[in-house]
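Asker: For reference, the structure I am asking about is given below.
Residue numbers (the working numbering): 1 to 341.
See below:
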C-alpha cells in the first residue's frame, strides 16, 4: 500500500476543520494550532486527524495555512526555518496580493509556494462536523502559482479536480480586483442590509426573497474575517466608495423626478447637501469630545499645530476650492472642535 504524503494544516478554526475533513481522503492530515482547546481536540478525534507539536513541522510534504489573514504574515515568519526542503506551502487567504508577497519574502528558496483561495467555506459547503459531510458541487478554487514544480503542481491540482472543484488560475492582483466585488463587497452589502433591519416579512416579492438569501453567506462568519478581507484587499475600499457614489446618484435621480423643474431640483439638492453637512459636523464635534477625553487621560495637549497644518495642506492639495476659503472653513471647524475638547 502506497504511503500517503503528510498534509499539515496550520490553524484549526472552522475552515481548518473543513479542510482536514476534505483532505483526509488524499493525505495523512496533521494539525498544528497555537491555541489548542478541548473543542479542537474533540474535533480532531471526530475527523480522525492528529494534532502535532512545533518540532514535527518539518515532516510535512504539504503545508496549508488556514489562520486569519491578520495572522498570516506572522505565521509565515514563524515557520520559515522549520520546513522540509521541497515541501509546498499554500495559504488559503481570501486575499492574494499580500499573502503571496509574504510567502515569497520570508520562505527559503528550497520551499515551493502556491497561493490558493477556496471560494467556499463551512457555510456555503454545508459542512457538518459530527456527520462529516459537506457539498462542494459547483464550487471554485483560485490558484496563484508562485514557485512550484510542475510535478507538485499536478499532484495538488489532481486532488482539487477529484473534489469536483473548478480551478481558476490567475495572478494575485487579478484575484483581488475581482474578489473586491465578489467577496468583500458582497459581505459589506449583506452586513449593511442586516444592520438596516431587512428581514423576512409577511408581504414580499420574489426579488426581496432573493436579496435575503445573501444573509446566509455573509452574516454567519466572524467580524475578523470581514475586517481582514477588506483591510488586506487593496481594491476593496474603491469598490465600496464607487457603490456609495452610485447610491447617491440614484437618490438624486429620485429627487429630480419629484421636482417641478431644474430650478426646484437644484434647490432641493442644496437643502439636502446642507443637511448632510450639518449632520457630519455634529458627528465630527461628538468625536472631538471623545478625543478630548482621551487626550486628557493620556496627558496630550489639546492644541496640535502640526496636525492642523497637515490637515489643511492635504485639503488644499486635494480640493479645487480656494486655499484661503479652505483655511477659513477649517479654522472655524477646528476652533469649535477645541472647544468641545
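Cβ coordinates follow ideal geometry from the N, Cα and C atoms, glycine included.
CA-CA distance, residue 43 and residue 123?
Answerer: Taking the straight line from one Cα to the other gives about 17 Å.
Asker: Buried or exposed: where does residue 223 fall if 16 or more other Cβ atoms within 10 Å of its Cβ makes it buried?
Answerer: Classification for residue 223: exposed.
Asker: Under 7 Å Cβ to Cβ from residue 23, same chain only, skipping five residues before and after it: list those, please.
Answerer: Contacts found: 7, 29.
Asker: Leaving out five residues on either side along the sequence, give the residues of the same chain with a beta carbon under 6 Å from the beta carbon of residue 73.
Answerer: Only 102 meet the Cβ criterion.
Asker: According to the Cβ coordinates, are residue 95 and residue 113 closer than 8 Å?
Answerer: Not in contact: residue 95 and residue 113 (Cβ atoms no closer than 8 Å).
Asker: What is the DSSP secondary structure of residue 130, reduced to helix, strand or coil?
Answerer: Here residue 130 sits in coil by DSSP.
Asker: Quick one: measure Cβ to Cβ for residue 185 and residue 232, integer angstroms, because I've assumed they're closer than 8 Å.
Answerer: Contact doesn't hold; Cβ gap of about 15 Å is too wide.
Asker: Let's see if you can read the secondary structure: which residues bound the beta strand (DSSP E) around residue 147?
Answerer: 140-147 is the extent of the beta strand (DSSP E) around residue 147.
Asker: Can you tell me which residues form a DSSP beta bridge with residue 8?
Answerer: Beta-bridge pairing links residue 8 to 30, 63.
Asker: Quick check: what's the CA-CA separation for residue 294 versus residue 194?
Answerer: The alpha-carbon atoms of residue 294 and residue 194 are separated by roughly 32 Å.
Asker: Would you kindly work out how many angstroms separate the C-alpha atoms of residue 105 and residue 172, rounded to a whole number?
Answerer: Residue 105 and residue 172: Cα-Cα distance of roughly 15 Å.
Asker: Hey, is the region 138-146 in contact with the region 159-167, meaning 3+ C-beta pairs nearer than 8 Å?
Answerer: With the cut-off at 8 Å, the region 138-146 and the region 159-167 touch.
Asker: Measuring only the C-alpha atoms, how far is residue 230 from residue 216?
Answerer: C-alpha separation (whole angstroms): 19 Å.
Asker: In the structure shown, what three-state DSSP assignment does residue 271 receive?
Answerer: Helix at residue 271.
Asker: Identify, in the order they occur along the chain, each residue of the same chain with its Cβ nearer than 6 Å to the Cβ of residue 337, setting aside the five sequence neighbours on each side.
Answerer: Closer than 6 Å at the Cβ level, and outside the excluded window around residue 337, lie 288.
Asker: Could you pull the DSSP bridge partners for residue 114 from this structure?
Answerer: Answer by DSSP bridge pairing, in chain order: 90, 145.
Asker: Compute the Euclidean distance between the alpha carbons of residue 130 and residue 121, then round it to the nearest angstrom.
Answerer: Spanning the two alpha carbons is a distance of roughly 16 Å.
Asker: Going by the CB atoms, is the gap between residue 57 and residue 92 shorter than 8 Å?
Answerer: For residue 92 and residue 57, no; Cβs fall outside 8 Å.
Asker: With H, G and I counted as helix, E and B as strand and the rest as coil, what does DSSP make of residue 212?
Answerer: Helix.
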